[in-house]
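Residue numbers (my numbering), protein chains in the order written: chain R, 207 to 854; chain W, 207 to 854.
2 protein chains.
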Amino acid sequence: MALRSNLKILTTCMLAVRRPVVLENSCSTHRKYIRTYTPNLTVQRTADLNSFVARTHTCGELCSAHVGQEVALYGWLQYQRHDLFVVLRDFHGLTQVILPQDEKCSQLRKMLSEASLESVVVVKGTVIRRPPGQDNPRMSTGEIEVLAKEAHILNTCKKLPFEIKDAVKKTEALRMQYRYLDIRSGQLQSNLRLRSKIVMKMREYLCNLHGFVDVETPTLFKRTPGGAKEFVVPTREPGKFYSLPQSPQQFKQLLIIGGLDRYFQIARCYRDEGSKPDRQPEFTQVDIEMSFVDQAGIQSLVEGMLRFSWPEEKGPLQAPFPVMSYADAMSSYGVDKPDTRFEMKIQDVTSQFREVQLGYVQETLRKPHGCVKAICIPGGAKFIKRKELDSMQELVKQQYNQEVVPVILRADSSWKSPLEKFLSAKLKESLTEAMEAKSEDILLFAAGEHIRACSALGKLRLDAAAQLEEYGVPLRDPTAFHFLWVVDFPLFLPKEDNELELESAHHPFTAPHPEDTALLHTDPAKVRSQHYDLVLNGSEVGGGSIRIHNSNLQRWVLQDVLKEDVSLLSHLLEALQSGAPPHGGIALGLDRLIAIIVGAPSIRDVIAFPKSFRGRDLMSNAPDMVSAEDLQQYHIQVIPPCTESSGK
Amino acid sequence: MALRSNLKILTTCMLAVRRPVVLENSCSTHRKYIRTYTPNLTVQRTADLNSFVARTHTCGELCSAHVGQEVALYGWLQYQRHDLFVVLRDFHGLTQVILPQDEKCSQLRKMLSEASLESVVVVKGTVIRRPPGQDNPRMSTGEIEVLAKEAHILNTCKKLPFEIKDAVKKTEALRMQYRYLDIRSGQLQSNLRLRSKIVMKMREYLCNLHGFVDVETPTLFKRTPGGAKEFVVPTREPGKFYSLPQSPQQFKQLLIIGGLDRYFQIARCYRDEGSKPDRQPEFTQVDIEMSFVDQAGIQSLVEGMLRFSWPEEKGPLQAPFPVMSYADAMSSYGVDKPDTRFEMKIQDVTSQFREVQLGYVQETLRKPHGCVKAICIPGGAKFIKRKELDSMQELVKQQYNQEVVPVILRADSSWKSPLEKFLSAKLKESLTEAMEAKSEDILLFAAGEHIRACSALGKLRLDAAAQLEEYGVPLRDPTAFHFLWVVDFPLFLPKEDNELELESAHHPFTAPHPEDTALLHTDPAKVRSQHYDLVLNGSEVGGGSIRIHNSNLQRWVLQDVLKEDVSLLSHLLEALQSGAPPHGGIALGLDRLIAIIVGAPSIRDVIAFPKSFRGRDLMSNAPDMVSAEDLQQYHIQVIPPCTESSGK
């Protein structure tokens, strides 16, 4: 009995972490029940998980309704307790298997109790009710156990580098080296299964409900102008290379020009960014394009799709999503992907500082776009230490070349700040009031060029929130999903290396805002675009635009504004002259979206076989050397770094 | 009235070719109707094609039920008749638009009648009944026309390189250069839409009905042993390359070892074969893998999936599919992918030839596997000329080093053949009878090694069938779909360049046939495998196997039989030791399958943007040059062919 109780605790613990794997209410009487998805959609039976195989049930579905049935279970040995019982695991759950104690079953007992854990076995036996008081309500099969009659070891398991339990800590490098073992963990199984389910629902929404056509586009293509981040693929034609495209952008526009009307694809995309944390050299986007659509049309399509595919257990999604202009996002959050789950917005205090006799403030305000901005960190004085404040200031100085001055509101609401002596009591009071600051808050002030000051404070807003949360201050509800559309981006931005030249804020196919067409030839830097970003909890999860469908405008943007070599895109320009309908679309970053939905810290947790941040597959050791002989058919040879004329 | 009649004929013609584009019964009263897919599946509304856009209807859906309604249509100008009417086209159909003849509409009339064909327009107007007798029953909108009230040209169209009509012949090179125009054709629209629909149904079957998990696997991987046809992708690590895998084989096995149980993926695969007709450097397979499954399980899964996703208009699919052993396929059809839509099977006439005093026959029969085989081409004498017969003989001599001797049965059933004088009247009679030959048939005899003689006759069987069909003899029903499983392949084959060494008949992960395990170490060349091919109308459309799940066996096959460097697969060998369940799977060639379903002559007709047979994208001109500077970050340089030490 003591043993049984121990097991009960053990399986309860395991179930607590394995829970997400359970696909549905798994008692087979439930499995036959007809479920309505949404009022106007489909009536659908749950999937049959035992079709085409010899098992009668999964390890997660037996319940008291099955008592007396002869069953065959296939699974992994998760736990052994002397020669009394074992626990069998599969993707669906756990089942307790009782070993018969009579002499003629000694062989079977020995085999199952001595096999190594994680061995693969088949057990045939009878479902029996657990003894009274032994039910485990937290285990899907907790009402029953299976009395073994026959068993076979299908494959043994050697000693593993780590135990298959979510609770067992292991380094990410080890997890990636033994990815096939990590995939057995409840968390990864759950993530991959939920991803598959969400994508399937997206497809049903697009294909079955709205007539979208799933079209596969090539991944062996040619370089796009400015495609410095595109992997190249040598071919057997000397000197000729394919490129792995960063998105199907050109193809989807060409499909629309081909009259396809509604295109979508769950598209593999490639980007060579060298080593960047939480980026992958290949990633997946939900790629959508439509004819005759405007910004509002794409937005409601995406809202509808996300609502339709949203996992029930994450609660309902409200739509339409809020919309914010790029200008407002920058002013209030200092970033184009605001995390709207918490306040601490940036406030403009320029007017209050107009009369302050501080040299650098006055100097700033004389410059174009000069301003003074501030944020208030509620309760900051209680948690953020002087040292941390210093390093925050240092960070934005480095990153944005922006000075930030802190004010700590003492318990008596008096100011502790280098600013203190330059401001009148009245001004301080009015600032405290304007910022709605209370005692023990921290205020951060930044005087500078508008975008720079806001960006710096936006960065500090996020850092401060993370710090407060580290100290247990609940700021962002981890179960909340704040979607937000950010719109009215600039069409062009000054180039980083030469502010006199313009580059596309997003890509050169983005249409200008209809209200700004007059500015196009006179002041292109002021033109807003018809680009829209979808933001979720402060991460960009999608971006799209209404595209340019006029060939002359497209040529002018490429040639006259962006100074690109238009010959590389001559096929697109010609296509735009050939009866191109007005069109627009969007691409959602699927990896990031799923990661946020499941609450994973990294997109690596929602990708079956991710690369390390250095682009390596730690399991197979890719990338690898290729012999000079094999390279010869591609007419290339490796230049050892030491002989290269310039560095990387 | 004459004009109206002309148009009726014209649109009838257009509709005849555009028909396949029509997605469903398109009268909107029909669109609301609830349709049952299959008894135990889903009840589903047809897709809403007008959601998210400003059009009220597509160009293919208006009918008399809409008379009196104000509508907005968006489409392409397909046809103009003076300033009387125009025809508007979209992906869904055609609608006739009547131009109002009153003076105040002269502007609208002028605009629509003078715009270039294929211009993109929006027309708003009223649906009216066609005048009595003017209905066009072959046009989905043939009961009505739209009286225009307002119209705008959204984009004009320049003169196109070819008209958008299926009837207009154009070279494939031109079609590929202007692929976006070719996609406007009814045939390509229909192919791409049907492909999307079939794939969606496959997903529903796998995911929703049978609990398969859609998992994306990497395409940037490392070379597999013997992966000479894998494209390489240079990285920023000097000398290190990714490989684009030919299939997700390793990943799907690792997912199964990871306990995923049921995996599928519509997977992009890559193969660098240089220039091969009707091959593409990237292609798509329906990739499936399951735990705890046997050959019969995979076969019924695939049969179920194909039946479920099979287009209704192609008639029902019978299952289970017939099964044939590799040995029988070779004996009867001379090929491992028999076209069973017609007879003309290969027959063994060795016993009849045992006593024939012909030196080369006797010599052949003394050798191992020596035999005499024959096929009968019914009515061949009427259609196949002497010259054609000569070149058929020449072909197999070249290709298989196999002599074939023809017998022409004259109208009086007498033999015309070089064999004639060597055979007794009785033997000739017995052969004619055994072959069920009639007057004016042609018999082809081949004496030689079994596989060689069969292969030669198998090739001639197909060539003869094609020739007879060219003369109008109906042999293969173009609407028939003959699926066939070919099983019991050999596990290993002698290497082409060294008959003493063995190579995998399919791939090194294929499990041996359980009945042949005893032969594994004694006579591996005789071991049959658990590989199965799916053949459709004489084309291989799929292949799979039960895999080796025992690490020792896998190592023995790789190391001792195949002499491969096992270190390249050490991660897989280690995974097999870590609790790998028995498993198996299959991959279907999606492009080929869809091409056969739609009756397309090439897989290029079911791929949106195919490469030419030389691997070029004729539209964008990929592959292209990459500057030495851009290659430098990948530590490679191009070797001009003239400086290469050895040829290609």
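Where is the CB? At the ideal position from N, CA and C, for every residue including glycine.
Legend entry - Length-filtered (3 minimum) beta strand (DSSP E) runs lying within the stretch 666 to 736 of chain W: 689 to 693, 698 to 700 and 708 to 710
Inset, instruction - Determine the extent of the alpha helix (DSSP H) in which R/Asn-397 is found, giving its start and end residues. - result: For this step, residue 397 of chain R is matched to residue 191 along the first sequence. 392 to 409 is the extent of the alpha helix (DSSP H) around R/Asn-397.
Inset, instruction - Determine the direct distance from the alpha carbon of R/Gly-750 to that of R/Tyr-791, and round the result to whole angstroms. - result: Within the first sequence, residue 791 of chain R is the residue found at index 585, counting from 1. Within the first sequence, residue 750 of chain R is the residue found at index 544, counting from 1. The sequence given here places Gly at residue 791 of chain R; Tyr does not occur at that position. Roughly 6 Å between the two C-alpha positions.
Inset, instruction - Please report the residue range of the alpha helix (DSSP H) in which R/Gly-510 lies. - result: In the first sequence, the residue the question calls residue 510 of chain R occupies position 304. Here the alpha helix (DSSP H) through R/Gly-510 covers 501 to 515.
Inset, instruction - Would you list, in chain order, the members of the stretch 798 to 826 of chain R that have their beta-carbon closer than 9 Å to a beta-carbon of chain W? - result: Ile-813, Ala-814, Phe-815, Pro-816, Lys-817, Arg-820, Gly-821, Arg-822, Asp-823, Met-825 and Ser-826
Inset, instruction - Below 8 Å CB to CB, which residues in the same chain sit around W/Leu-708 once its five sequence neighbours on both sides are set aside? - result: Residue 708 of chain W sits at position 502 when you count from the first residue of the second sequence. Hits under 8 Å: Phe-698, Leu-699, Pro-700, Lys-701, Pro-730, Ala-731, Val-767 and Leu-768.
Inset, instruction - Check whether the Cβ atoms of W/Pro-544 and W/Ala-533 sit closer than 8 Å, and answer yes or no. - result: For the purposes of this step, residue 544 of chain W is taken as residue 338 along the second sequence, with counting starting at 1. For the purposes of this step, residue 533 of chain W is taken as residue 327 along the second sequence, with counting starting at 1. No, the Cβ-Cβ distance between W/Pro-544 and W/Ala-533 is not below 8 Å.
Inset, instruction - For chain R, find out if any of its Cβ atoms is closer than 8 Å to the Cβ of W/Pro-522; answer yes or no. - result: Locating residue 522 of chain W in the second sequence gives position 316, counting from the first residue. Output row for W/Pro-522: interface = no.
Inset, instruction - Could you give the DSSP three-state label for W/Ile-614: helix, strand or coil? - result: To locate residue 614 of chain W, count along the second sequence from 1; it is residue 408. Residue state, collapsed to three classes: strand.
Inset, instruction - Keeping to the same chain, check which residues put their C-beta closer than 8 Å to that of W/His-719; ignore five residues upstream and five downstream. - result: Position 513 of the second sequence holds residue 719 of chain W. These residues qualify, in order along the chain: Asp-694, Leu-697, Val-733, Arg-734, Ser-735 and Gln-736.
Inset, instruction - Would you mind working out which of R/Met-825, R/Cys-848, R/Leu-837 and R/Ala-793 sits nearest R/Leu-512, comparing C-alpha positions? - result: Stepping through the first sequence from its first residue, residue 512 of chain R is reached at position 306. The shortest C-alpha separation from R/Leu-512 is found at R/Ala-793.
Inset, instruction - Quick one: grab the DSSP three-state call for W/Pro-847. - result: Along the second sequence, one-based indexing puts residue 847 of chain W at 641. DSSP places W/Pro-847 in helix when its eight states are reduced to three.
Inset, instruction - Output yes if chain R places a C-beta closer than 8 Å to the C-beta of W/Leu-255; else output no. - result: Sequence index remark: in the second sequence, residue 255 of chain W carries index 49 (1-based). Chain R, which has a Cβ nearer than 8 Å to the Cβ of W/Leu-255, makes this yes.
Inset, instruction - Taking all protein chains shown into account, decide if R/Gly-266 is buried (16 or more other Cβ within 10 angstroms of its Cβ) or exposed. - result: What you label residue 266 of chain R is simply residue 60 of the first sequence in a count that begins at 1. R/Gly-266 is buried by the Cβ-count criterion.
Legend entry - Short CB-CB distance (under 8 Å) between W/Pro-846 and chain R: Indexing the second sequence from 1 puts residue 846 of chain W at position 640. True, the Cβ-Cβ gap to chain R drops below 8 Å.
Legend entry - Any C-beta of chain R under 8 Å from that of W/Leu-414: Residue mapping note: residue 414 of chain W aligns to position 208 of the second sequence, counting from 1. The sequence shown places Asn at residue 414 of chain W, rather than the Leu named in the question. So, interface residue.
Legend entry - Selection from W/Lys-588, W/Met-345 and W/Thr-723 that minimises the alpha carbon distance to W/Tyr-677: Position 471 of the second sequence, counting from 1, holds the residue named residue 677 of chain W. Among W/Lys-588, W/Met-345 and W/Thr-723, the Cα nearest to that of W/Tyr-677 belongs to W/Lys-588.
Inset, instruction - Tell me, please, whether the stretch 254 to 261 of chain R touches the stretch 491 to 503 of chain W by the rule of three or more beta-carbon pairs shorter than 8 Å. - result: yes
Legend entry - Any chain R beta carbon closer than 8 Å to W/Val-692: Sequence index remark: in the second sequence, residue 692 of chain W carries index 486 (1-based). No, because no Cβ of chain R sits closer than 8 Å to the Cβ of W/Val-692.
Inset, instruction - Please name the residue or residues paired with R/Phe-368 in a DSSP beta bridge. - result: Stepping through the first sequence from its first residue, residue 368 of chain R is reached at position 162. DSSP lists no partner for R/Phe-368.
Inset, instruction - Flag R/Ser-402 as yes if its beta-carbon sits less than 8 Å from any beta-carbon of chain W, otherwise no. - result: The sequence position of residue 402 of chain R within the first sequence is 196, counting from 1. For R/Ser-402, the answer is yes, since a Cβ of chain W falls inside 8 Å of its Cβ.
Legend entry - Counterpart residues of W/Phe-427 in DSSP-defined beta bridges: For the purposes of this step, residue 427 of chain W is taken as the residue at position 221 of the second sequence. Answer by DSSP bridge pairing, in chain order: W/Ser-449.
Legend entry - Contact with chain W by R/His-727, beta-carbon distance below 8 Å: Here residue 727 of chain R is taken as the residue at index 521 of the first sequence, counted from 1. Answer no: the Cβ-Cβ gap between R/His-727 and chain W never drops below 8 Å.
Inset, instruction - Answer with yes or no whether the minimum CB distance from W/Ser-346 to chain R is below 8 Å. - result: The count along the second sequence starts at 1 and reaches residue 346 of chain W at position 140. Cβ-Cβ to chain R under 8 Å: no for W/Ser-346.
Inset, instruction - Determine the extent of the alpha helix (DSSP H) in which W/Ala-535 is found, giving its start and end residues. - result: The residue labelled residue 535 of chain W in the question sits at position 329 within the second sequence. Unbroken alpha helix (DSSP H) run through W/Ala-535: 532 to 539.
Inset, instruction - Assign W/Cys-233 to one of two classes, buried (16 or more other C-beta atoms within 10 Å of its C-beta) or exposed (fewer than that). - result: Against the second sequence, residue 233 of chain W aligns to sequence position 27. Legend: pLDDT at W/Cys-233 = 38, less than 50; position of this residue unreliable, value from coordinates given subsequently. Buried, because 16 or more other Cβ atoms sit within 10 Å of the Cβ of W/Cys-233.
Inset, instruction - Report yes or no: is there a C-beta of chain R within less than 8 Å of the C-beta of W/Cys-363? - result: Taking the second sequence and counting its residues from 1, one reaches residue 363 of chain W at position 157. Yes, W/Cys-363 lies at the interface with chain R (some Cβ there is under 8 Å from its Cβ).
Inset, instruction - Please go through the same chain and pick out, in chain order, the residues whose beta-carbon is closer than 6 Å to the beta-carbon of W/Gln-393, but skip the five residues on each side of it. - result: One-based indexing of the second sequence puts residue 393 of chain W at position 187. Only Asp-372 meet the Cβ criterion.
Legend entry - Residue from R/Val-405, R/Arg-547, R/Pro-714 and R/Leu-400 whose Cα sits closest to the Cα of R/Glu-770: Translated into the one-based positions of the first sequence, residue 770 of chain R becomes position 564. Of R/Val-405, R/Arg-547, R/Pro-714 and R/Leu-400, the residue nearest in Cα terms is R/Pro-714.
Inset, instruction - Would you mind stating whether W/Asp-296 and W/Tyr-280 have Cβ atoms separated by less than 8 Å? - result: Counting from 1 along the second sequence, the entry for residue 296 of chain W is found at position 90. Counting from 1 along the second sequence, the entry for residue 280 of chain W is found at position 74. Closer than 8 Å, so yes.
Legend entry - Amino acids of chain W, ordered along the chain, whose beta-carbon sits closer than 7 Å to that of R/Ser-506: As a position in the first sequence, residue 506 of chain R is number 300, starting the count at 1. Correct list: Phe-258.
Inset, instruction - Please decide whether W/Gln-395 counts as near chain R, where near means a Cβ-Cβ distance under 8 Å. - result: On the second sequence, position 189 is the one that residue 395 of chain W refers to. For W/Gln-395, the answer is yes, since a Cβ of chain R falls inside 8 Å of its Cβ.
Legend entry - Cutoff 8 Å: R/Ile-752 Cβ touching any chain W Cβ: Stepping through the first sequence from its first residue, residue 752 of chain R is reached at position 546. No, R/Ile-752 lies away from the interface with chain W (no Cβ there is under 8 Å from its Cβ).
Inset, instruction - Reducing DSSP to helix, strand and coil, say where W/His-656 ends up. - result: In the second sequence, residue 656 of chain W corresponds to position 450, counting from 1. Three-state result, W/His-656: helix.
Legend entry - the stretch 472 to 480 of chain W contacting the stretch 452 to 460 of chain W, beta-carbon criterion three pairs below 8 Å: yes
Legend entry - Interface partners of W/Tyr-285 on chain B, CB under 8 Å: No chain B appears in this structure, whose protein chains are R and W.
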